[in-house]
C-alpha cells in the first residue's frame, strides 16, 4: 500500500469525517475543519511529518472565506538520506470566515509558525488566537485594508498615494 | 574634474540589477578600465548605484546611505523600476519615481540593462562631471526641504534631523 493511502486511512480513523484527496503524485490533501486543524497538524507531526515548510493563505472573496494551507513534509530518517525519505508532501487546508477571520495558532505544534502567521496576519488581516506577538513585521506603512486581500485595489492605492507625491520643483 | 576617473561605487542591491554587477566588476567586463571599483563603505564612495526596484522598506536605508557619502557624489539608478516603478507600477509598496526622494544624476533604462549599458552611462557621466551637470548633491542641499517632505510623506516622521537646506 502506498504511504499516502496508509496515512489517509490513519487520518480518517483518528478524525472521523475528515476528507482527504490525492491531487497528484507525492501529495496528500487533507481538508480539516477550523476546530480540528491544529489537532491534525499535531497528529501528522507525531506520525513523522515534522517539517512545516509553509503556511499560505488564499482569499476566496466570492465565497466569503479565507483558506489556510499548511504544507508538511518529513525530514529524512535514519541512514540512506534522501533514499530513505518518504517522498510525500501533505497539504492541510482549512477554511475560515472572511467576516470573522480568526484561526488558532499552530505555534504549540510547530514553533516556526511564528513568523509565517505574523506575515499572514499583516497581509491578510487574519487573527491567530494564542499567537504571542502579532505585531508589524513586514510593512512600512498602514494600509486601509490588509494589502493581500482581493478587495485591496492596488491600482487605486497607487493613484491615491504614490501618484500624489509631488515632483521636486527645481529652477 | 579628476575624480571622474576615480569612481568608488557603493551599490544598493535592491532588485534584479545586482545580477549585472558582479560580471560588470570582474574579468568579463572589468569596470576598473573605467576607474570604477567597489567601495567598502558609503563613507569611501562617490558613486551610488541603485540597481532595481525600491520598496518603502528599502527607501529609508537608501536615504541614509546617500547621506553618509561624502561630496561630490553621483547617483545612477538602474533599470525601469526606479524610473517609474517598472513592472511594479501598481504595487502597493514600491516607490514609483525615485527622483522624488533623492536626486538622481543619471538613469539607465532597461529591464535589466546589460553591463555595456552601465559603461555607456559611466562615460556619459564623465561628460556630465566635466560640464558640472552631475550636480545632484548640490540639488539635494538646495531643494532639501522638498526632498525631505516627500521622504516623510511615504515613511512617516524620520528619526534623524534635517540637513540644512537652502530652500
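Residue numbers (this note's numbering), protein chains in the order written: chain U, 704 to 874; chain G, 504 to 670.
All C-beta atoms, glycine included, are put in the ideal place defined by N, C-alpha and C.
- Nearest neighbour of residue 739 (chain U) by Cα position, chosen from U:863, U:763 and U:812, turns out to be U:812.
- For residue 840 (chain U), same chain residues with a beta-carbon under 8 Å away, outside a window of 5 residues either side, are 818, 821, 822 and 825 in chain order.
- Straight through space, the alpha carbons of residue 734 (chain U) and residue 773 (chain U) are spaced by roughly 11 Å.
- Beta-bridge partners of residue 597 (chain G) (DSSP): G:558.
- Scanning its chain for C-beta atoms nearer than 8 Å, with the 5 sequence neighbours on each side dropped, one finds around residue 815 (chain U) the residues 755, in chain order.
- Contact annotation, residue 659 (chain G) with residue 628 (chain G): C-beta distance approximately 33 Å; criterion of less than 8 Å not satisfied.
- Taking each of U:808, U:775 and U:855 in turn and checking the Cα distance to residue 741 (chain U), the smallest one comes out for U:808.
- Chain U has no Cβ within less than 8 Å of the Cβ of residue 576 (chain G).
- With respect to chain U, the C-beta atom of residue 617 (chain G) has no partner C-beta closer than 8 Å.
- Taking 8 Å as the upper bound for CB-CB distance, residue 545 (chain G) and residue 513 (chain G) are in contact here, some 5 Å apart.
- With contacts defined as CB atoms closer than 8 Å, residue 801 (chain U) and residue 769 (chain U) qualify as a contacting pair.
- With contacts defined as CB atoms closer than 8 Å, residue 606 (chain G) and residue 648 (chain G) fail to qualify as a contacting pair.
- Taking the CA atoms as reference points, residue 790 (chain U) sits about 8 Å from residue 777 (chain U).
- In this structure, G:552 is the residue among G:552, G:539 and G:538 with its C-alpha nearest to the C-alpha of residue 522 (chain G).
- Per the DSSP secondary-structure output, residue 846 (chain U) pairs with nothing in a beta bridge.
- For a Cβ distance threshold of 9 Å, residue set 598, 599, 600, 603, 604, 653, 656 and 657 of chain G lies close to residue 868 (chain U), ordered along the chain.
- Note on residue 757 (chain U): under 16 other CB atoms within 10 angstroms of its CB, so exposed under the neighbour-count rule.
- The beta-carbon of residue 608 (chain G) is placed no less than 8 Å from the nearest beta-carbon of chain U.
- Residues of chain U whose Cβ lies closer than 8 Å to the Cβ of residue 594 (chain G) are, in chain order, 857 and 861.
- Within the stretch 603 to 648 of chain G, the complete beta strand (DSSP E) runs of at least 3 residues fall at 609 to 611.
- If you compare the alpha carbons of G:570, G:588 and G:655 with that of residue 580 (chain G), the shortest gap goes to G:588.
- DSSP places residue 860 (chain U) outside any beta strand (DSSP E); the residue lies instead in the alpha helix (DSSP H), whose first and last residues are 857 to 863.
- Residue 804 (chain U) has its alpha-carbon roughly 12 Å from the corresponding atom of residue 760 (chain U).
- Below 8 Å, enough C-beta pairs join the stretch 612 to 627 of chain G and the stretch 527 to 547 of chain G to call them touching: three or more.
- Counting of Cβ neighbours within 10 angstroms places residue 650 (chain G) among the buried residues, the total reaching 16 or more.
- According to DSSP, residue pairing for residue 724 (chain U) in a beta bridge involves U:732.
- Beta-bridge annotation (DSSP): residue 580 (chain G) is paired with G:553 and G:610.
- Taken atom to atom, the span from the alpha-carbon of residue 766 (chain U) to that of residue 853 (chain U) is near 12 Å.
- For residue 850 (chain U), a Cβ of chain G is located within less than 8 Å of the residue's own Cβ.
- The bridge partners DSSP lists for residue 818 (chain U) come to none.
- The residues 603 and 604, in chain order, have a CB closer than 6 Å to that of residue 653 (chain G) in the same chain once the five nearest residues on each side in sequence are set aside.
- For residue 666 (chain G), no CB of chain U lies under 8 Å from its own CB, so it is not counted at the interface with that chain.
- Ranking U:831, U:836 and U:707 by CA distance to the CA of residue 727 (chain U) puts U:707 first.
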